[in-house]
Every structure is written in C-alpha cells, then in structure tokens.
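Going by this note's numbering, the letters in the sequence shown line up with residues 6 to 498, in that order.
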Amino acid sequence: MRTLFKKLFLLLFAGVLLSGFFACEDDFLHDTSGKVLVFSQDTLTFDTVFTTVGSATSRILVYNPHSKALKINSVRLAGGATSSFRINVDGAKSATNSFNDIVIRAKDSLYVFVEVNIDPNNINAPVLVQDSILFDFDNAHQRVLLEAIGQDMVPLRNVVFTSDVVLNADKPYLIYGDLTVDSAKTLTLLPGCKLYFYNNANLLVNGNLKAEGTYETPIVFLGHRMDKADFDPPFPYKYVAGSWGGVYLLSKTGEHTLKHVNMSSGSVGIYFYNQDIRYKPSLEISNCVIRNFLSYNVVAINGDLLVTNSEISNSGSYTVYLSGGKHAFYHCTIANYFQSNRLHGVVRATGDAAVLLMDLNRTLPMETIFKNCIITGSASNEFSLLSKFQDKYHGDLQYNYIKKPKDAPSKSLTIFSDIHWSQYNDTVFKSTIFDYEEDLFFDFSPDSVSPARGLSDPAVSAQYPLDLKGKSRLTDGAPDAGAYEWYPTVTSQ
6 MRTLFKKLFL LLFAGVLLSG FFACEDDFLH DTSGKVLVFS QDTLTFDTVF TTVGSATSRI
66 LVYNPHSKAL KINSVRLAGG ATSSFRINVD GAKSATNSFN DIVIRAKDSL YVFVEVNIDP
126 NNINAPVLVQ DSILFDFDNA HQRVLLEAIG QDMVPLRNVV FTSDVVLNAD KPYLIYGDLT
186 VDSAKTLTLL PGCKLYFYNN ANLLVNGNLK AEGTYETPIV FLGHRMDKAD FDPPFPYKYV
246 AGSWGGVYLL SKTGEHTLKH VNMSSGSVGI YFYNQDIRYK PSLEISNCVI RNFLSYNVVA
306 INGDLLVTNS EISNSGSYTV YLSGGKHAFY HCTIANYFQS NRLHGVVRAT GDAAVLLMDL
366 NRTLPMETIF KNCIITGSAS NEFSLLSKFQ DKYHGDLQYN YIKKPKDAPS KSLTIFSDIH
426 WSQYNDTVFK STIFDYEEDL FFDFSPDSVS PARGLSDPAV SAQYPLDLKG KSRLTDGAPD
486 AGAYEWYPTV TSQ
C-alpha cells in the first residue's frame, strides 16, 4: 500500500512540475521577429579616449516593455574577444564578450556596462573605433552601435623641466601630479597644444610661461575626463569645476604670456603670485577664455597684469582677485553665474564679488584700469574695493557696465566715469545658465537689448578691432563693452 501511495505521489508531483514548466514557457514572449527590446540609446558614443588609459564605464539600459518575459539567446560584441570594447551584463563578465540565455522578466530591465581601451598606435591624429552589441533571438537580432575616438598622447608624470622646453601640438599631453618648470627656465606652448590634467594635477611655473595660440588653433588646458558625470541627466565632465588643479605662476621675475588659451573646470585658473615685493613679475592675457573654476579664475598678487579681449567667468569664489601691482583690463567680460557644483557640493560663496581689489595687505602699490568691460553676475554686488582710503585709490574705470547695489556709496568715487550701472531688469547676455538637458553652456555674448551695446569708447576699441570670436567690433561705429560684439542671429531658410 505504501509503495502504491509513493508511486501516486511521484506521478502527481511530476505532473505539477510539468504543468509548471509549460506554464512558465507560456509566460515567455515567443514572437521576437520585431524590435522587442527598448534601449536607453541606440548609439553609445565615447568622446576622446586616451590610449592606454581607457575610458570610464558607460551603461545602456535594456528594457523589456512586454507583459511576458523575454529570453535572449545571446548578448555579445560583434568584435568578440578582440574588440577594443568590453561589456558587462548585469555584473557578469566574459573574456569573449559574449553571454548566453539572458532572461528579462516582463516590464523589467537590465544594464549592459561598456568600457573601451584603445591600443597606442603612434598616430598623431584621432582614430575612430566602432563595434556593436548584438542581441540575438531565434529569428532576429537587435544592435546598439558603439563608437569612440582614440587619441594617442604623451604622459607626463611629476616631470620637472630643468631647461627650456617647447611642447608642440602633435599629440596632447596628459599630466599626472605636478608638471614643474624650474627657476629661470621657460616653458613654451605652441599653437594647438593641448594639456589635459588628471585629478589634482597642476602646472607649477617657477620660471616663465609662453602659451601663444591662435584664433584657429588655441591652446587648451582641461581635465582629462572626456566622458559624462553620472547624474540625471548626465553632463560632460568638461563642465565640472574642480576636475583638476590649476596653473601657478610663482616666479618673482617671471614674464608670462597667454594668448588664445582656453582654460576650464579646474580648482584655480591662473594663480599669479609673488611674495617678494622688491620685484614685479608680469603676465599678459589676451583673447583667452578662463571659465568655471571651483575657487578663483584669476589671482594676481604683487605683479603687473594686462588682460585684453578675454572672457573670465563663473567661479565658486572671487572670479578676479587683484592685490599689489598695476592691473589693466580692456574689452573683457567678467561674469559670475556659478551654479551649484553637483559633483563637489559647492555653491558660490556668499558675498564674493566677481572682481575684488584688495588694497589692505602689505603689498606693492596698486593701480587698476578697467575700460570697455562688463563686470556682472548673479550677486547683488559684483565689484568690491577694499582700501583704507578709497577716495585716494589709483584707479581708472571708464565705459564699463558694472553691477553694484543701487545705493552703494562707492559709486560716487572719482575712479568711475561713464559707467552704466546695472538695473534690476537688465538682460545683459544671451544666456546665463547651463541647460543640462540641452547641453547648452553659458553664452556671454551680448543680448540684442543688452545695455552693454554701444557702450564702449571707440578710441579704445580701435586698439582691439576684433572681438573674442574674431568679428569686427567697429562695423556699426558703436562698439559694445565686453569681449564679444553683438551680431544678429543668422537663421537658415
């Protein structure tokens, strides 16, 4: 009797298993002839990837929108084990970049993580590499295209230049740690030279810096991350302040020149400092863009500074800090609309103006010139003078647009003449925000109704006839203040 009972129980149990199996089979979507998967993106593009360094990890969301589970026969790279790319499916790895029998439940999803590593090829020009992730079914397949730009580079790890050095534009340079120029030596950067800095990497110049690019081939200082920060929505690391260190000009006798240089997104832009007031080093900045730094963009202490036709914008603290020496600015846009830094949790420091003149410390005698400039931002006061005797300060500020509180007593100082003081409802620039969704960076060109239009002294503008975009500022006979001349937007028909 017990034997018969056991047989009946086993038959019943087997029947339950079989019925459950077939029920599960019925829960799978069998018609996979169409596009049954939905991807977060059909093409995954990596910006410039430096050879041997590899990329950060990007990901693709693979979604099953159906009310039944999906069984994917294989998820694989078309290039297999020899591909420049590597994939990881929901945490699983494979030396052949191939995964079999992947199930996605109804209305569920999985992640495919992607990395790329491009071998050095001793080719100066960027190289495009491509592959595809294939999702195979019994009677169809879908794909996601992968593409990356590979660039060979020259790594410089804690290098000290003990003689004069010239860096050219053949390949970009990737800086690890500190790149140091010895005392009395000169580092020359040729047009088109690109310096990419690792996290916290700096350029320390104890001698001289000559960085002279051109309008067509500017010199670039930027962090090494070419991918996007993992936020919602993701946005490029090149817009993330604090991605690298800064440029420190530390020689008491240094003679520095920066022409057509684009710098962005470090901790400090240019820190020009001399602690020996028996000397007066010099720095000339012309046709440069220095933007988006975690603390300061330009600091000049005990040295002569000349800045022309340049944009200096967006910083977590003072955008331009001046103390000791003669400092002259012509046709510059100094604007601070620094927004909360989502990676470092930093917001703009309250009370830190876009421009600070610090004449309280024991420094060289100060003299300040601003002509045909814009000084503004998101704070109520964007120009501060800290001096024991403000009415005797050696300054000459003419034909500028400046943002200060309506009742600021310093507006009456004799250093100001022909100033257009800000009004509450002024629209100065085309854009003072960063639109993360549209990937549109701040545009500090003057708006069509900008009070900076026609504000400049034409005699000064004649010395700088082309704006930062290479356009004439003399065409309409009424040049605009700042680094950019207003031109009507050209729309395609």
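Glycine included, each C-beta is placed from N, C-alpha and C at the ideal position.
As the structure is a computational prediction, the values presented were derived from the model and not from experiment.
Assigned exposure category for residue i - 16 Cβ within 10 Å defines buried
i	result
ASP106	exposed
GLN468	exposed
THR373	buried
THR313	buried
PRO70	exposed
ASP281	exposed
PHE27	Confidence in PHE27 is poor, its pLDDT being 39 and thus under 50, which makes the residue's placement unreliable; the coordinate value appears in the next sentence. Classification for PHE27: exposed.
LYS176	buried
PHE394	exposed
VAL171	exposed
PRO451	buried
ALA86	exposed
HIS265	buried
GLY487	buried
ASP485	buried
ALA354	exposed
HIS261	buried
ALA189	exposed
LYS112	exposed
ASN341	buried
LEU445	exposed
Proximity winner among the options, relative to residue i (alpha-carbon distances)
i	options	result
ASN319	SER270, THR62, SER453, GLU289	SER270
PHE277	LEU150, THR437, LYS331	LYS331
TYR335	SER392, LEU227, GLY308, TYR404	TYR404
VAL159	ARG283, PHE55, LEU66	PHE55
ASN173	VAL164, LYS199, PHE449	LYS199
LEU299	ASP281, VAL325, ARG283	VAL325
GLY96	ASN122, ASN78, ASP124, THR62	THR62
ASP423	PHE446, LEU34, PRO456	PRO456
PRO286	PRO414, GLY259, VAL266, VAL304	GLY259
MET268	ASN297, GLU289, ASN430, ASP281	ASN297
GLU316	ILE154, LYS474, SER103, ALA86	LYS474
PHE375	VAL352, GLY400, ASN366	GLY400
VAL273	ALA216, LEU208, ASN307, GLY218	LEU208
VAL108	GLY382, ASP141, LYS98	ASP141
ILE339	GLN428, ILE379, LEU445, ASN213	ILE379
ASN302	ASP47, GLY308, MET363, TYR253	TYR253
LEU139	PRO131, MET371, PHE104	PHE104
LEU151	ILE275, LYS416, VAL351, PHE118	PHE118
Identity of the residues DSSP links to residue i by a beta bridge
i	result
TYR116	LEU66
GLN156	PHE55
ILE379	THR338, TYR406
GLN147	PHE140
VAL171	THR193
GLN135	GLU152
THR48	LEU150
PRO484	PRO484 is not bridged to any residue.
ASP187	Paired residue(s): none; ASP187 is not in a bridge.
ASN105	SER79
Residue range of the beta strand (DSSP E) that includes residue i
i	result
ASP465	In the sequence as presented, Asp is not what sits at residue 465; that position holds Val. Careful: VAL465 lies outside any beta strand (DSSP E), inside the alpha helix (DSSP H) at 463-466.
ILE420	First-last for ILE420: undefined, no H or E at that position.
LYS264	260-264
LEU194	191-194
ARG91	90-94
SER287	287-291
SER328	325-328
ASN297	294-298
VAL312	309-313
TYR253	252-254
ALA305	303-306
SER272	From DSSP, SER272 is part of no beta strand (DSSP E); its letter is neither H nor E.
TYR469	Looking at the DSSP string, TYR469 is not in any beta strand (DSSP E), and its letter there is neither H nor E.
VAL225	224-228
Three-state secondary structure assigned by DSSP to residue i
i	result
GLY85	helix
GLN395	helix
PRO493	coil
TYR242	helix
ASN366	coil
PRO177	coil
THR37	coil
ASN319	strand
MET371	strand
ASN213	strand
LEU445	strand
TYR429	coil
LEU473	coil
Contact test: residue i Cβ vs the ligand GDP heavy atom, cutoff 7 Å
i	result
HIS336	Annotation note on the ligand GDP: not contained in the displayed structure, which lists no ligands.
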